[in-house]
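Residue numbers (our numbering): 9 to 294.
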């Protein structure tokens with residue numbers, strides 16, 4: 009892929025600024041633009057397809073077809089973009105905290121990215137969903153990092169880093185912290201995630217197998233589709249009275265294609281089979 013492919017990618021995510029020299033401003037901008045434009049979704053799994061991690065396939069899906077993907081897809085392609093923009097990028101393996109078992113997923117459960125820039129390290133992740141951070145987080149501090157009404161921190165024990173947040177509130181450093189995922193800084197390769205990519209498409213213990221879903225960040229909120237529901241969230245502001253505001257719309261099957269097109273710009277090439285099954289707790293504990 010060449011300069012034209014990179015330019016089309018930048019256009020796809022709505023980035024309009026200069027992209028000549030790697031900088032923190034550029035990194036933050038493309039990270040946020042990506043989240044505001046490319047949905048986090050698993051609709052391929054529920055429309056008769058199979059997710060493959062070949063970069064040309066991912067590029068065609070996200071850029072040409074204007075689709076999204078889950079972490080292995082969105083972050084793999086974002087890794088390619090950052091590399092093309094001249095950043096020093098490392099792929100990392102994350103293990104997501106399971107909300108059912110309160111245990112962590114297996115190695116290679118989640119693909120994330122580290123950027124080394126001017127002697128500082130930044131965590132990037134455009135493939136996590138509702139709890140994800142909108143701009144890169146510094147890996148060189150363990151203190152709170154505020155992003156709008158939210159706050160995150162990266163706690164470290166030996167060589168393991170823990171990403172935590174206070175959900176949709178910010179009560180300062182002494183607030184209640186909830187773990188999202190853990191990871192080390194050991195460099196990985198994109199092909200290392202192939203087996204877990206297959207797992208998430210076929211296991212009753214994976215949310216991606218059990219639920220057809222699609223979500224994208226919006227200025228001031230988020231819109232999400234799950235099964236037969238459309239959920240619109242407005243983040244705390246003066247307009248919402250300082251609280252999180254959520255509305256849910258129940259969908260008929262025949263409504264879903266238009267909902268996906270209108271809210272996410274997604275037009276599937278094969279019929280979607282809506283799914284919202286209960287997730288089976290994984291038998292192996294990490």
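Idealized CB from N, CA, C, for every residue including glycine. Note that the coordinates shown come from a computational prediction; the quantities given were computed from them, not determined experimentally.
| Check | Outcome |
| --- | --- |
| Beta-bridge pairing of residue 123 - partner residues as DSSP gives them | 97, 130 |
| Member of 143, 174, 287, 37 whose CA lies at the smallest distance from the CA of residue 93 | 37 |
| Sequence-distant residues of its chain with Cβ nearer than 8 Å to residue 78 (five each side left out) | 48, 49, 50, 59, 135, 208, 216 |
| Which of helix, strand or coil DSSP assigns to residue 159 | strand |
| Residues of its chain near residue 118, where Cβ-Cβ distance is below 6 Å and the 5 sequence neighbours each way are ignored | 79, 102, 104, 189 |
| CB contact below 8 Å: residue 192 versus chain D | Absence of chain D from the displayed structure is noted, only one protein chain being present. |
| Length of the line joining the Cα atoms of residue 143 and residue 84 | 17 Å |
| Spatial distance of residue 152 from residue 139 (CA atoms) | 16 Å |
| Neighbourhood of residue 281 by C-beta, 6 Å cutoff - its chain only, sequence neighbours within 5 removed | 54 |
| Per DSSP, cross-strand counterpart(s) of residue 170 | 163, 190 |
| Top-ranked residue by Cα proximity to residue 31, from 279, 91, 11, 46 | 91 |
| C-beta atoms of residue 181 and residue 158 nearer than 8 Å | no |
| Alpha helix (DSSP H) segment containing residue 205, residue limits | 202–210 |
| Distance between beta carbons of residue 145 and residue 160, contact taken as under 8 Å | 6 Å |
| Residue span of the beta strand (DSSP E) that contains residue 233, given as start and end | 229–234 |
| Closest residue to residue 277 among 52, 34, 162, 46 (Cα-Cα distance) | 52 |
| Option in 279, 291, 272 with minimal Cα separation from residue 74 | 272 |
| Contact check, residue 44 vs residue 22, beta carbons under 8 Å | yes |
| Buried versus exposed, by CB contacts within 10 Å (16 or more), residue 46 | buried |
| Limits of the beta strand (DSSP E) - the one that residue 222 falls within | 221–226 |
| Cross-strand partners of residue 49 (DSSP beta bridge) | 222 |
| C-alpha distance - residue 172 paired with residue 155, whole-angstrom precision | 13 Å |
| Residue 106 beta carbon less than 8 Å from that of residue 279 | no |
| Contact belief for residue 129 with residue 150 at Cβ below 8 Å, rounded distance in angstroms | Not really, about 13 Å apart at Cβ, beyond 8 Å. |
| Cα-Cα separation between residue 267 and residue 184, rounded to whole angstroms | 36 Å |
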